[in-house]
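> When we follow this note's numbering, the leftmost residue of the sequence shown carries the number 440, and every step to the right adds one.
Glycine included, C-beta positions come from ideal geometry on N, C-alpha and C.
Here the structure is a predicted model, which means the values were calculated and not measured.
Below you will find the structure I want to go over with you.
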Amino acid sequence: MIIRRSSQGHRVRLHRNSSPGATRTKRYKDGTAEALTYPSAFKYFVDVDGSVVKKSNSLSIAEQYYVDECSK
C-alpha cells in the first residue's frame, strides 16, 4: 500500500508492506512493464524510480528517508 508519493520529477514512494515477499507487475498501455518486489521482513520501504532503496520497521525512519529523497 502506498502511504506517500512524490509528484516532483523522480518517482519516490513510501509503502507499507502489505504483501511481504510478493512481486507486483504493472503493465502500461504502451507495452512497457514495471515490477516491484516487496521485501519479506520489513513493514515499510521506500522505492525510487522502481528500485527499493530503504527498508525499515519504523515509519518515522522510512518517512525521514522519503523526505530526504524528495528534497534532492
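So what's Tyr477 in DSSP terms, helix, strand or just coil?
Residue state, collapsed to three classes: coil.
> Comparing C-alpha positions only, which one of Asp469, Asn496 and Phe481 sits nearest to Ala461?
Among Asp469, Asn496 and Phe481, the Cα nearest to that of Ala461 is on Phe481.
> Do you know whose CA, among Val491, Gln447 and Lys511, lies nearest Leu453's CA?
Closest option to Leu453, Cα to Cα, is Val491.
> Does any C-beta atom of chain C lie closer than 7 angstroms to the C-beta of Ile442?
Absent from the structure: chain C. Only one protein chain is present.
> Using a 10 Å radius around the Cβ and a threshold of 16 neighbouring Cβ atoms, would you call Asn456 buried or exposed?
It is buried - the Cβ of Asn456 has at least 16 other Cβ atoms within 10 Å.
> Compare the beta carbon distance of Arg483 and Ala501 with 7 angstroms and say whether it is the shorter of the two.
First, the residue type needs correcting, since residue 483 is Tyr and not Arg in the sequence shown. In contact: Tyr483 and Ala501 (Cβ atoms closer than 7 angstroms).
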